[in-house]
Amino acid sequence: MAHPASPASARAAITPFVAVIPGIELESARLIQLSHITKVFGKVVALDDVSLDIQQGEMLALVGENGAGKSSLMNVLYGLYHPDQGELRIKGERVRLRGPKDAIARGIGMVHQHFMLVPTLTVAENVVLGREPTRRGLLDLARAQREVEATCQRFGFQLDATARISELTVGSQQKVEIVKALHRGAEVLILDEPTAVLTPQEADELFRVARGLAAEGKTVVLISHKLKEVLAFAQRICVMRRGKMVASVASKDTDARRLADLMICGEEGGAGARTLQATVEAPTAAPVEAAATVAAGAEPILRLDGVCAGPKLTGATLEVRPGEIVGIAGVDGNGQRELAEVVTGLRPAERGELRLAGKAGKLDPHEARHRGVSHVPEDRLLHAIVGPMRVDENVSLGRQQQPPFAKGPWIDFTGRRERTEALEEAYDVRPRDPSVPCGRLSGGNQQKVVFARELDAHPRLLVAVQPTRGLDIAAVAAVRRRLVEEKARGTGVLLVSLDLEEVLALSDRIYVMFEGKVVGERPRGADERELGALMLGGAAHG
Amino acid sequence: MIQVLEALLFSTLEYAPALIFASLGAVLSERSGVVNIGVEGMMRVGAFAAAVAALAVPTPVGVLAGMAAGAGLAAVHAYLCVKWRSDQVVSGMALNLVALAGMTFLLESLYSPTGTPSIEQLHRWTIPGLASVPLLRGLSGHSAMTYLALAAPFGFHLFLWRTAAGLRLRSAGEKPAAVATMGISVSLLRTLAVLGSGTLAGLGGAALSTSTLDRFEHHMPSGLGFMAVAAIVFGRWTPLGAFGAALFFAAGNALRIGLASSAPEVLEVIPQGFLLALPYVLTLLLLSTRQRQSGAPAALGTAYDPEAR
Amino acid sequence: MAEPDRPRPQAAASASPGFSGAEPTAAEAAEAPRSRLAEAVWASLPSALSVALSLLICLLMIAITKGSLSLAGNAYLEMLRGGLGDLETFGETGAWTQLTRPWGEAATKAAILTFTGLSVAVAYRAGLFNIGAQGQMTVGAITAAVLGAKLSLPFGLHAAVCVLGAAAAGGAYAVLPAVLKLRRGVHEVISTIMLNWIAISLVENWLVVGPLRATTTGNNSISGTDQILPTAVLPRLLSDGSRMHFGFILALLAAVATWVWLFRTRLGFETRAMGQNAEAARAAGIPSARRALQAMVLAGALAGVAGSVLVQGTEMRFPATLGAPYGFDGIAIALIGETHPLGVAASALLFGVLRAGGTRMQLLGVHKSFPELIQGLALLFVAGRLIWQWALTRRRKRAPAPAAAAPPSSAPPAVSTPGAAAAGGGA
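Protein chains in written order, with the working numbering: chain H, 566 to 1107; chain L, 32 to 340; chain Y, 74 to 500.
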């Protein structure tokens, strides 16, 4: 799809003639031209000779799996990354952006996946940061407030300019980010995975706003890996894979399956597409056996009754039986994290009853492990792995005081190494070396180490929180397969995921959490919209 | 009684400036996100440079030399911590050790082990109206350092909370990523803040050797830099809070010294050691009773890596 | 199938101290795996280079201030003679004291530095920054002085009791910042700085000049506390001409014991894991609070013993003031020694030698605390560790590597100060 590079001089020569000939696109309609962009980080090629044109007023989507380069490309456009090769043209003029300041000055605005807002400051202060109105050398906060309110009104946002960011909901914070860009006169708005933290309803609201902006002549670029969303919103879809631009299609001319093919194999109809299909569309295999195991009326391995913890978990009631996968659906911040922490002993339950493996009583991580709980946490680098330590040292974490990892008070170096080698073999961890610092492994391999270690403990309950986060398609599929295998082995699995698709694909039963309580339980095959409504609970946020 | 209070007021205002300037410097640096416990070292080089320079040039110019010396040491801190993302506590401690041994070395090599030769102290100003008022008389008769130190905290408060630069600085200390994505350089902000903190610490040191005393004495600043750190923690990382804490600590110091000379029998009951320890004990008590919310900037101590996304 | 990696987000809140063990840079990820020994040597290069550079710069400083490079060289020679022994004079006269006396001076200083260095290192490995070694040492020293002067026990036992008492005192004093951190989230850098000054003020400005002041006889006014009884003294090891005492052996034993504890026992492993990633350790069931407390108590005890070594080995009482800021020096020693117990011992030995030599430098007009400057500069350069790594790896040839193994950050990775991320408050 890459546009052939024509020397600038040739273009300059042709343009006057082109202007006269109808039916040929004018240069100036191409608002943005990224040509032959290459960007390398150390040894990883993030962008490999990528070219992309963006038309004024279009609603464009940039899709690809994790690591495909979509965010990197937009970071180049926003001036956060400097391309090693290639050029950028805005309105036909060759431009070198030294930083976001230049990009902003040229009308490019970006709303990042992780919000760039200062929690202790107000909405107005955050919006004007970098463009502060002053009066006689001092900040004119009153004027800032007025200006921000004006921008909000102009584009139809309901925001209180004097509210502190820390007091706002996630959806509102995202709106502040958009206002920030619009306030600076953004003509092009780049949204990086905006719906990752929103409910389906909030996502609909966001797209309504985006369509409204497009109707006003603004250009909106949506970076996403959610194909259904992208097909519904965008006019044109560009697919990236492994740092290359592989396709540009009108959304009406394609569908999810073809896009998946392009994302995974770079061409349509490839065998790899079936992997994505399997994980994205249909529920995974062996629902029948699962039903058989669970139907035996087994005693639940985990039961919660009105459990409260911290400010966020206000009364969870649920149960997990052996041999089933129970999914927890909910918008980020509604208590799921705290739920997982309580079940694994990381957080004490303040009220309510928690029965784990038939026993009640105080729980800490050590006790939880003792009772047969294994935990694959959300952020492995933060919670599961000690980066600078070796793989075999990491494998011993959680059971480091037992054989084969220890002999009395002493570390059993041989036993530890042998067990690690066996696990690396079984889980295909690369590189196959127990003495490598774990932080040097790729994300997928690290997750394998975590799974290997946790499952080697033969748990009765596996708590997996966002287990596929940050992994690419093949690794995601491997993780999901493991979860199903564990279920078949009779382990109870508690799956907490912010990815509703994933929850729907894997779970036998789904609990929806809202504001710290379980507000609904649905079986496999539930309707996504219904779940979304439960996830919002009936309260409307601006 | 009035005389005692007056003497106390006078002494406090004599000892306070060094501490106030150092605390303001620490606030500046830490508000931008860079831990600075090297304030002790920066005060030391400032005191030395000011005292030595004042041997050759007019004392006010010597003060400028002190400020430059403090800034120079701070430049190393900024280079290590901002550009190379080194451990900020280690860098600060290293600078303290270097300043400690380095100034001793220079002192020994160039002058005498106990201190530099005497210099002409900064001129002292009498405020006409106050010279006759009983208690307030204590406000008069100080050098420019004192009066500057009384005004500066308000200036810094204004700077941090009412100017665009201050807003950006505070944001850099809370969430540097937010600042960077608006196209503002976090590195520049932090570097300037650290340099500023060194300048202020150098000024504080100069206050010691040109106003409180008339030379560099081989122990200077004898832990005042660490007391400044206590002051900013006590004052919740705000200029006015640090100002109040510094005044309070300085008053305690003045009280102790005053008692030693005029009422030594009190010191039989309350030993000097107790009074010396008091500021630190109070800070510790305050810290222990405050629940979690200490007021420290959220990104304090974390180096900012623009490539980490 | 090589897995494509996007530029990996750094673990922002990892409590990993920048000086943990043998940790090569990200840029070397693609290198063929080297032997453990090579890795260890490579990892200690920044420290060795820092010391070398510091020695060089200080040499130049003397040359500049005294106006003569040869004088500077001679001053360094005097320093070595003062620490390692006057080999020429020994060769001429055959008098062992030419060697044993300097060795003794070096050993006494090295012993104290080893203990304070171990104190800081142990805490560092547990993810805590023990700036309070000075205060803990002070508390230990006064305890040893009091027990040494007031108790009456047989030789050997008396000394042991004093050492243990000092350890207990130091350990107890370190419990305070530990508890404050665990219960109230008070950052240990701040609390230990406060506690340092509290200890120094209370001991040196009250106890030593007040209740515990040495009883003067006649015209002798001795500063400090009463002399300790001979039964509490740490025995001399060499001839009477040398001050080398048993504390030196204790220091070496302590270094080895600390090494075994940290790297060979399961408790030590848990402590290190906690120091490098507190969250992961907690999730693994490691009782972090307990380990942190244990580590701080151990750190305090080690610093306390440093105090007892000073009192029972050299001074025979608590002097008016401890003299050198041994506690702060411990920070330098620990970090130059890569916070590894054996590295700490090595760097303590080195600086013990240099500092013992400092007194001889006075013969050439260089202040006797000059070696402290070398130490401070070395620490400063060690702080710039990443600069060394960057400079050293630029020159090495890199083989083309499979994408899978390489974390791709082209800038030095973010280094979080251990625990300083929420200075003064909870996370």
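All C-beta atoms in this analysis are idealised placements derived from N, C-alpha and C, irrespective of residue type, glycine included. Given the structure is predicted, the values throughout are model-derived calculations rather than measurements.
Contact check for C873/H against G917/H passes: the beta carbons are separated by less than 8 Å. Counting only residues of its own chain and dropping the five nearest sequence neighbours on each side, A815/H has a CB closer than 6 Å to the CB of R801.
Listed in chain order, the non-local C-beta contacts of S218/L below 8 Å within the same chain comprise V113, K114, Y335, local neighbours out to five positions each way being set aside.
Under a criterion of Cβ atoms nearer than 8 Å, no residue of chain H is adjacent to R62/L; the nearest Cβ is some 12 Å distant. Scanning chain L for C-beta atoms nearer than 8 Å to the C-beta of R458/Y yields S117, reported in chain order.
Straight-line spacing of the CA atoms in R654/H and A991/H works out to 51 Å. Our two residues, V129/L and A125/Y, have alpha carbons roughly 16 Å apart in a direct line.
Within the DSSP bridge table, the entry for Q598/H names D618/H, R654/H as partners. Taking C-beta separations shorter than 6 Å and ignoring five residues to either side along the sequence, the partners of A282/L in its chain run T43, following chain order.
Residues of the stretch 649–676 of chain H with a C-beta atom less than 8 Å from some C-beta of chain L are G664, P665, K666, D667, A668, I669, M675, listed in chain order.
In the displayed model, K817/H falls within a helix according to three-state DSSP. Between D614/H and A1043/H, the alpha-carbon positions lie close to 31 Å from each other.
With fewer than 16 other CB atoms across the displayed protein chains lying within 10 angstroms of its CB, W156/L is exposed.
For R823/H, the three-state secondary structure derived from DSSP is helix. In the DSSP assignment, R661/H falls outside any alpha helix (DSSP H) and carries neither an H nor an E. If you look at A353/Y, you'll find it in the alpha helix (DSSP H) that goes 351–356. If you look at L317/L, you'll find it in the alpha helix (DSSP H) that goes 303–320. For Q598/H, the closest alpha carbon among the candidates I619/H, V610/H, G980/H is that of I619/H. T145/L counts as exposed, since fewer than 16 other beta carbons sit within 10 angstroms of its beta carbon.
Look at S143/L here: in three-state DSSP terms it is strand. Between R1034/H and E943/H a beta carbon distance of about 7 Å is seen, short of the 8 Å cut, so the two are scored as contacting. Interface annotation, H940/H: in contact with chain Y, CB-CB separation under 8 Å. For R1034/H, the nearest beta carbon of chain Y is not closer than 8 Å to its own beta carbon.
S163/L carries a helical assignment under DSSP once its states are collapsed to helix, strand and coil.
In the three-state reduction of the DSSP assignment, T331/Y falls in the helix class.
Only residues of its own chain outside the window of five on either side were considered, and among them L627, M675, I755, D757, V786, I788 have a CB closer than 8 Å to the CB of M639/H, listed in chain order.
Annotation: A113/Y has no Cβ neighbours in chain H at a cutoff of 8 Å; minimum Cβ distance is about 13 Å. Inclusion of R390/Y and V382/Y in the CB contact set at 8 Å is not warranted, their separation being larger than that value.
For the pair of segments examined, the stretch 447–454 of chain Y was found not to touch the stretch 338–357 of chain Y: the number of CB pairs separated by less than 8 Å stays below three. DSSP lists no bridge partner for Y646/H. Within the same chain, and ignoring the five residues on either side of A218/Y in sequence, the residues whose Cβ sits closer than 7 Å to its Cβ are T298, I301, V384, R390, F391.
With respect to the 8 Å criterion, M258/L and L50/L are classified as neighbours on the basis of their beta carbons.
Between P184/L and P270/L, the CB-CB gap stays under 8 Å. For S264/Y, the nearest CB of chain L lies under 8 Å from its own CB, placing it at the interface with that chain.
Cα atoms of G736/H and Q678/H: separation of roughly 12 Å, rounded to the nearest angstrom. By the Cβ-count criterion, I673/H is buried, with 16 or more other Cβ atoms from all chains shown falling within 10 Å of its own Cβ.
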